[in-house]
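Asker: If you scroll down you'll find the structure; I have some questions about it.
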Amino acid sequence: MSMAPPRTDVLPPGEAATYAEWFACLAEPVRVRLLHAVATSPRGITVGALTDVLGTSQSTTSHHVRRLADVGFVRLRKEGTATVVTVNEGCCAGLPHAADAVMGLLAPRSCCPDDLSADVTVRALRPGDWADVRRIYADGIATGLATFETTVPTRAALDAGWLPDHRWVAEVDGAVVGWTAAAPVSARRCYAGVAETSVYVAGTHRGRGVGKALLHRQVTAADAAGIWTLQTAVLTENRPSIALHHAAGYRTVGIRERIAQLNGIWHDTVFIERRSPVG
Numbered sequence: 177m178s179m180a181p182p183r184t185d186v187l188p189p190g191e192a193a194t195y196a197e198w199f200a201c202l203a204e205p206v207r208v209r210l211l212h213a214v215a216t217s218p219r220g221i222t223v224g225a226l227t228d229v230l231g232t233s234q235s236t237t238s239h240h241v242r243r244l245a246d247v248g249f250v251r252l253r254k255e256g257t258a259t260v261v262t263v264n265e266g267c268c269a270g271l272p273h274a275a276d277a278v279m280g281l282l283a284p285r286s287c288c289p290d291d292l293s294a295d296v297t298v299r300a301l302r303p304g305d306w307a308d309v310r311r312i313y314a315d316g317i318a319t320g321l322a323t324f325e326t327t328v329p330t331r332a333a334l335d336a337g338w339l340p341d342h343r344w345v346a347e348v349d350g351a352v353v354g355w356t357a358a359a360p361v362s363a364r365r366c367y368a369g370v371a372e373t374s375v376y377v378a379g380t381h382r383g384r385g386v387g388k389a390l391l392h393r394q395v396t397a398a399d400a401a402g403i404w405t406l407q408t409a410v411l412t413e414n415r416p417s418i419a420l421h422h423a424a425g426y427r428t429v430g431i432r433e434r435i436a437q438l439n440g441i442w443h444d445t446v447f448i449e450r451r452s453p454v455g
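Okay, so the sequence shown: first residue is 177 according to my numbering, each after it adds one.
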């Protein structure tokens, strides 16, 4: 009888213990309410004020504050005789990251799967590809999940916004069926290695490995060029796109609530990023 090879994607014991401690701390509803009250008080809030908000005794409030501080969710500082509680901003990234790790959404790899479809060819965008790029962009708009845009940007607008060496198209049987591009997030020199990415696949070719092939080229080219962070925002309803990016080494940073409207309806987005292993 042959035995299956040992799995290499099991959550490491150390990480599991850390996340279990976080989740255990939040298993008490009072602490969840307390953490929310602190997180929504940008300048901090005193233990006395928290007692009034929660309707608990000061000793009970102090106990829960200490427990949250021990785990690292909040920070404490003295102002005279009062103890001021502020949120540890790292929680905003740490908690979504922990949830993704436990649910298996974070790929334990530096790049992305290399089991690419042999039918998909990825190459640099050429001047003659713009009509196809804009057609596929329109496909994405039609889904109502890909973008907040309601009309396709002009060729000039896309060309001006994208990094020249980080725009790619995917072909199947000689036809352009998808594209990906990266745009600088800032003109400031300190952010020269940070880019915002987009990836679109024609409606007729979704689920055939086109997106995987495009992201593989995107991240490997970015690594080679010294781009240290790729980032993007995906509508929370677009789970296939989130999973695709996670498989390419992106991680969830957080949720941006009611960030923009689409056809008069507010939507949240998942903000995700990929840090280059070579930068």
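Backbone N, C-alpha and C fix where the C-beta goes; we use that ideal spot for every residue, glycine too. The model shown is predicted, which means the values in this text are computed figures rather than measured ones.
#1: Quick one, which of L390, G430, A424 and A363 has its alpha-carbon nearest L411's?
#2: Cα separation between L321 and A359?
#3: Quick one: using the 10 Å Cβ neighbour count with 16 as the cut-off for buried, is S233 buried or exposed?
#4: If you drop the 5 nearest sequence neighbours on each side, which residues of the same chain put their C-beta closer than 8 Å to that of I441?
#5: Return the CA-CA distance between I480 and A363, expressed in angstroms with no decimal places.
#6: Inspect the CB distances between the stretch 410-425 and the stretch 433-447 and report whether three or more fall short of 8 Å.
#7: Using 8 Å for Cβ pairs, my map puts T356 next to V375. What's the rounded Cβ distance?
#8: Would you check if the distance between the CB atom of L252 and the CB atom of V261 is smaller than 7 Å?
#9: Short of 7 Å in beta carbon distance, which residues of its chain neighbour G316, apart from the five on each side in sequence? Order them along the chain.
#10: Please report how far the alpha carbon of V250 lies from the alpha carbon of P218, in whole angstroms.
#11: Tell me, to the nearest whole angstrom, how far the beta carbon of V298 is from that of L230; I am working on the premise that it is less than 8 Å.
#12: Sort out for me which residues DSSP pairs P360 with in a bridge.
#13: Have a look at T326 and G337 and give me their C-alpha separation to the nearest angstrom.
#14: As a quick exercise: from V353, Y195, V223 and E255, pick the residue whose alpha carbon is nearest that of G383.
#15: So the alpha helix (DSSP H) A225 belongs to, where does it begin and stop?
#16: Going by the CB atoms, is the gap between L244 and T237 shorter than 7 Å?
#17: Are the Cβ atoms of V263 and A215 separated by less than 7 Å?
#18: Quick one: Cα of D305 to Cα of T428, how far?
#19: With respect to the beta strand (DSSP E) encompassing F447, which residues constitute its N-terminal and C-terminal limits?
#20: According to DSSP, Y313 sits in a beta bridge with which residue or residues?
#21: The alpha helix (DSSP H) with A436 in it runs from where to where?
#22: Apart from the five residues just before and just after L406, which ones in its own chain have a Cβ nearer than 6 Å to its Cβ?
#23: Between the C-alpha atoms of A351 and W344, what's the straight-line distance to the nearest angstrom?
#24: State the Cα-Cα distance for the pair G385 and L292, rounded to the nearest angstrom.
Answerer: In terms of the structure at hand:
#1: In the sequence shown, residue 411 corresponds to position 235, counting from 1. Answer by Cα proximity: G430.
#2: Here residue 321 refers to the residue found at position 145 when the sequence shown is read from its first residue. Here residue 359 refers to the residue found at position 183 when the sequence shown is read from its first residue. Taking the straight line from one Cα to the other gives about 20 Å.
#3: For this step, residue 233 is matched to residue 57 along the sequence shown. Under this definition S233 is an exposed residue.
#4: Translated into positions along the sequence shown, residue 441 becomes position 265. Excluding residues within five positions, none has a Cβ falling inside 8 Å.
#5: In the structure displayed, the chain extends from 177 to 455; residue 480 sits before or after that span and is not available.
#6: yes
#7: Locating residue 356 in the sequence shown gives position 180, counting from the first residue. Locating residue 375 in the sequence shown gives position 199, counting from the first residue. 4 Å between Cβ atoms; contact.
#8: By one-based count along the sequence shown, residue 252 stands at place 76. By one-based count along the sequence shown, residue 261 stands at place 85. Yes, they are a contact pair.
#9: Here residue 316 is taken as the residue at index 140 of the sequence shown, counted from 1. Same-chain partners within the cutoff: A322, T323 and Y376.
#10: For the purposes of this step, residue 250 is taken as residue 74 along the sequence shown, with counting starting at 1. For the purposes of this step, residue 218 is taken as residue 42 along the sequence shown, with counting starting at 1. Using only the alpha carbons, I get a separation of about 12 Å.
#11: As a working mapping, residue 298 is identified with position 122 in the sequence shown. As a working mapping, residue 230 is identified with position 54 in the sequence shown. Contact doesn't hold; Cβ gap of about 55 Å is too wide.
#12: As a first step, residue 360 must be located in the sequence shown, where it is residue number 184. DSSP, once it has assigned bridges, lists A371 as partnering P360.
#13: Your numbering for residue 326 matches position 150 in the sequence shown. Your numbering for residue 337 matches position 161 in the sequence shown. Whole-angstrom Cα-Cα distance: 18 Å.
#14: Translated into the one-based positions of the sequence shown, residue 383 becomes position 207. The residue with the shortest Cα to Cα distance from G383 is V353.
#15: Working through the sequence shown from its first residue, we reach residue 225 at position 49. Start and end: V223 to L230.
#16: As a working note, residue 237 is residue 61 in the sequence shown. As a working note, residue 244 is residue 68 in the sequence shown. No.
#17: Residue mapping note: residue 263 aligns to position 87 of the sequence shown, counting from 1. Residue mapping note: residue 215 aligns to position 39 of the sequence shown, counting from 1. Cβ atoms of V263 and A215: closer than 7 Å.
#18: On the sequence shown, residue 305 is found 129 positions in, with the first residue counted as 1. On the sequence shown, residue 428 is found 252 positions in, with the first residue counted as 1. Spanning the two alpha carbons is a distance of roughly 32 Å.
#19: Taking the sequence shown and counting its residues from 1, one reaches residue 447 at position 271. That run of the beta strand (DSSP E) goes I441 to R451.
#20: In the sequence shown, the residue the question calls residue 313 occupies position 137. DSSP output for Y313 lists no bridge partner at all.
#21: Stepping through the sequence shown from its first residue, residue 436 is reached at position 260. Premise fails: A436 lies in the beta strand (DSSP E), R427 to L438, not in any alpha helix (DSSP H).
#22: The count along the sequence shown starts at 1 and reaches residue 406 at position 230. These residues qualify, in order along the chain: A371, T373, A398 and R450.
#23: Taking the sequence shown and counting its residues from 1, the one referred to as residue 351 is at position 175. Taking the sequence shown and counting its residues from 1, the one referred to as residue 344 is at position 168. Taking the straight line joining both Cα atoms gives about 14 Å.
#24: Taking the sequence shown and counting its residues from 1, one reaches residue 385 at position 209. Taking the sequence shown and counting its residues from 1, one reaches residue 292 at position 116. The alpha-carbon atoms of G385 and L292 are separated by roughly 7 Å.
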